[in-house]
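Reading through the structure tokens given below for one structure.
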Amino acid sequence: MTTPDTLVPFAEAMERYEPVIGLETHVELGTRTKMFCGCGTAFGAEPNSQVCPVCLGLPGSLPVVNRNAIEYAIRIGLALNCSIAPWGRFARKNYFYPDMPKNFQISQYDEPLCVDGWLEVLVETGHGEHRTVRVGIERVHLEEDTGKSLHVGGATGRIHGADYSLVDYNRAGIPLVEIVTKTIEGTGADAPVVARTYVTELRDLIRSLGVSDVRMEEGSLRCDVNTSLSPRGSGVWGTRTETKNVNSLRSVERAVQFEIERQAAVLDGGGRIVQETRHFHEDTGTTTAGRSKEEAQDYRYFPEPDLVPIAPSADWVEQIRAALPEAPAARRARLQAEWALSEADMTALRNADALDLVAETVAAGASPADARKWWLGELARRANEAATGLDELAITPADVARVAALVATGALNDKLARQVIDGVLAGEGAPDEVVAARGLAVVSDDGALTAAVDEAIAANPDVAARIREGKVNAAGVLVGAVMKATRGQADAARVRELILARLS
Amino acid sequence: MELTHMTAAELSAALTAGQVSATEVTQAHLDRIAAVDERVHAFLHVAADSALAQAADVDERRRTGAPLGPLAGVPVAVKDVFATAGLPTTCGSRILDGWRPPYDATITQRLKGAGAIILGKTNMDEFAMGSSTENSAFGPSHNPWDLTKIPGGSSGGSAAAVAAYEAPLSIGTDTGGSIRQPAAVCGIVGTKPTYGGSSRYGVVAFASSLDTPGPFGRTVLDTALLHEAISGYDPMDSTSIDAPVPPVLAAARQADVSGMRIGVVTELGGEGYQPGVLSRFAEAVELLESLGAKVTEVSCPHFKYALPAYYLIAPSECSSNLARFDAMRYGLRVGDDGTRDAEEVMALTRAQGFGAEVKRRIILGAYALSSGYYDAYYGKAQQVRTLIIRDFDAAFSQVDVLVSPATPTTAFGIGERADDPMAMYLADLCTIPSDLAGNAAISVPCGLAPEDGLPVGLQVMAPALADDRLYRVAAAAEAALVGQWGQPLLAGAKGLSS
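Protein chains in written order, with my numbering: chain A, 1 to 504; chain B, 1001 to 1498.
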């Protein structure tokens, strides 16, 4: 019985058990060519169009290591504070599967490229509280990806029950790094959040290194989550399960939480946890049993005889280290100070995936406040309406900075600015082009405004009388009338001045 | 003189001088194949059309003065383990039935680039596992000295083709002796170059850390010609050595051993060796001494563990290398009738597609690599390999080359050892150490064993990247011996005369 009928509520599970977690993350590297051949790596290409004798594993073909992939992996290792091995061999991991052309995967086994590092993550523990958790990194190693199977005709999309299967080898041989954490203990009820925050931080770090586009939805970042429970105070580690198919940041958190609740129920019921692979289901937020250890395979690892050992020189490693960009955490701390933001403000920016966009908008000349206002306000709303990411909107940080500048100089007001954004998003061109084409400039020319002001006064004699009596707040009604008459293009501040001057 | 009985060097000279066309040379060899290969069975596939097309191209280039490679118009036979675009490549196995590679091995390309005419693909033990060609799924080849005898293996087809005058040159691969042993028992010359000196790209892998492509010829000079044409750095092979090709051709022409220090390996001789092999070998050593070499005896104490270490390392690598033959992408597919899943089709295909020896080695290798046994088998064998390398290092600090018999016996009868794998494995006793160490070695004919009248090979071994030393010694021995015999040894081969 691996899935009990009822789960133990999370808070209750936490009273009796201490969770221990670990994460294995696969990242597809964004090298131009594959790990061991010259084939391209573009995502979404026609099936089996990016293949050659090497990545198809044709008899006689041989792998040659892509130096860029080694450099990218070292970049990741250094950014994760790892030591870089001065010498190491690839290894063959032997198992049969139709999407693996050679029926072995070239990987690294006991001689990984990067070992023993750490990544600090700032975990939101609820109620705006944060704490820093240092996640140990066991190893970072390089391997090749497999092809992709498409099982046709079954109800589940799995191989079982399918009529036939199609294999696309475009992905076969794309370089992957596997990043394995040490066991993460002592995080208690924060364990699910720690897991999610770690993957988030790792994703941001890797993106900052320019070595991968780390898109979970395209599978360029994939995560396996190990979870076990230790009865509180026992000092005994529980048996762990490995949950696969965890394909979003939110799923990472949910998978850990579900496993904790499930394992607590099994243990409470006097059962034992089976060491097994479990599959996460996005729709239900649950896991189900996969391969158990009893059926686990012997991969017969041995050093890959077709490849000479990799031996990155100390000089090369230091060159790579010197060229590393600022780490995201350090950058966030710097920006937070420069922009004078609270921790909560920063968290909001990160959660909205807006940090880079805001930073680029500031770099393009906008004030931090304006940049945040537009991205978290109007643009977040547009992205939400279009069900897309902020970074996928058809507007650049430079455009946003230009809109903000036009507002700051009074050339646009907020309402007009929103119309400019409409135009940019609709592909009508850069902000200045939209302004020109749509004739959206604020009218602040007194000559043009005076007539409208006089008309408004004439049309609202009661209001005019009240203003003359000193009730200047009433001017808002006349301003509104002028704005309406000018279809929002008047400079409202100037209109108000003109009205007050007329009626004083 | 008959075109088929000319050496590659002679053919090249005649072609260059315009005395004969590439088409005539190629046709003469195709005719010879048609006349004798029914009895020799050196070829699995004769590529008559493409060979004649290549020959016509060479003739056309010569007529128009276009640049020509060093082997322009010289025919060569290629072991069926090299990928040849558009030509069948079976590795002597049913499992590659119908496969025509979409690409050329680097060596295939270099042969074409040199202007050599590819006559066809030669027979071999399945996936190069064997010492007799009896493990070919397509039946054995026959030794041109005596058609009831094996031609050696695994490159037996390539050796037999050259010995039967079906080709002046051929290409093989040596993993445990698969070039030198067939060369020895067929009375021709065969070289295993330094590992990494000749590209493995496009050579269907048996044991990746050992497989070494190399040349066969009827003379030392011809063998050097081919050695030079196929060698050199290949960026497509990670284990290829980025260094200049040793000056093998100059060394073959130099043919001089005066002042060279030659070590006789104590451990490669004595009990278990055929007396006629030992006597011919001893005479060859004396001859080299008489030519000015300084001969000493050198002990390589770990060579006695070479055979068992080899039979762990090679099967381990092959168990992984041969995993790709799974019916999914190419070759044989058995049982795909709509009722079976992929795993069953893979299993049925491998059960029917592989022969007994291949299965034996896959099982041996899978066992040696499995968790819990790795250290005791594969790991230990690698340690032995290191000790053998050290034996060579120590020996080469005292002498320039080592010598031994190439094989413990002359050619044995077809069927004689077929049911006794251990006896079969012993055929490679003398050749395996050089494979494990990755250095260079050659076999050159040194006479006929008195008791059976079959050829004996002298093996010369040199340090890695000192392949030229092999040719100095072999060419000196050849010149002196042919002088004694009054004709090349092969002129006495009578297997095809009846």
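Don't be surprised by glycine CBs; every beta carbon is placed ideally from N, CA and C.
| Asked | Found |
| --- | --- |
| Residue range of the unbroken beta strand (DSSP E) whose run includes B/E1297 | 1294-1298 |
| Rounded straight-line distance, which links the Cα of B/G1098 to that of B/Y1378 | 34 angstroms |
| Given A/P98 as reference, the closest of A/G147, A/I137, A/R331 once Cα atoms are compared | A/G147 |
| Backbone secondary structure at A/N245 - three-state DSSP | strand |
| B/Q1487 vs B/A1406 beta-carbon contact at 8 angstroms | no |
| Terminal residues of the beta strand (DSSP E) in which B/M1461 lies | 1455-1462 |
| is_contact[A/V308, chain B] using C-beta, thresh 8 angstroms | yes |
| Members of the stretch 1224-1243 of chain B that neighbour chain A once the beta carbon cut-off is set at 8 angstroms | P1235, M1236, D1237, S1238, T1239 |
| Sheet register partners of A/N226 (DSSP bridge) | A/G22, A/E242 |
| Cβ contact check for the stretch 152-160 of chain A and the stretch 24-32 of chain A: 3 or more pairs under 8 angstroms | no |
| Beta-bridge pairing of A/S165 - partner residues as DSSP gives them | A/H151 |
| Short CB-CB distance (under 8 angstroms) between A/D5 and chain B | no |
| Simplified DSSP assignment, three categories, for B/H1029 | helix |
| Beta-carbon proximity of B/V1040 to B/S1178, cut-off 8 angstroms | no |
| Boundaries (first-last residue) of the alpha helix (DSSP H) holding B/N1135 | Element bounds for B/N1135: n/a, residue is neither H nor E. |
| Residues of its chain near A/D5, where Cβ-Cβ distance is below 8 angstroms and the 5 sequence neighbours each way are ignored | none |
| Below-8 angstroms beta-carbon distance, A/F104 vs any chain B residue | yes |
| Span separating the alpha-carbon of A/V524 from that of A/Y109 | Lying before the first or after the last residue shown, residue 524 of chain A is absent from chain A, which here runs from 1 to 504. |
| Local Cβ density within 10 Å of A/V193, reported as buried at 16 or more and exposed below that | buried |
| Integer Cβ distance of B/H1029 from B/P1075, believed to fall under 8 angstroms | 5 angstroms |
| Chain B contact for A/A64 (CB, 8 angstroms cutoff) | According to the sequence provided, residue 64 of chain A is Val. The question's Ala does not apply to it. Cβ-Cβ to chain B under 8 angstroms: yes for A/V64. |
| Beta-ladder partner(s) of A/E178, from DSSP | A/H26, A/H141 |
| As assigned by DSSP and simplified to three states, the class of B/G1156 | helix |
| C-beta neighbour in chain C for B/R1361, strict 8 angstroms | The chain labelled as chain C is not found among the protein chains of the depicted structure, namely A and B. |
| Unbroken stretches of the alpha helix (DSSP H), 4 residues or longer, contained in the stretch 26-102 of chain A | 67-79 |
| Coil, strand or helix - A/Y299 by DSSP | coil |
| Collapsed DSSP secondary structure at B/F1082 in the structure displayed | strand |
| Min CB distance A/L56 to chain B below 8 angstroms | yes |
| Contact with chain B by A/D298, beta-carbon distance below 8 angstroms | yes |
| Neighbour list for B/P1315 in chain A, Cβ cutoff strictly below 7 angstroms | Residues of chain A passing the Cβ test: none, with the nearest at roughly 12 angstroms. |
| Beta-carbon proximity check, B/G1156 vs B/P1182, cutoff 8 angstroms | yes |
| Sequence-distant residues of the same chain with beta carbon closer than 8 angstroms to A/V477, five excluded per side | N460, V463 |
| Same chain, Cβ closer than 8 angstroms to A/A490, neighbours up to 5 away in sequence not counted | V442, V443, S444, L449, A452, V482, M483 |
| Rounded straight-line distance, which links the Cα of B/G1495 to that of B/V1204 | 32 angstroms |
| Closer than 8 angstroms to chain A by CB, B/P1088 | no |
| Outcome for B/M1001 when other beta-carbon atoms lying within 10 angstroms are tallied against a minimum of 16 | exposed |
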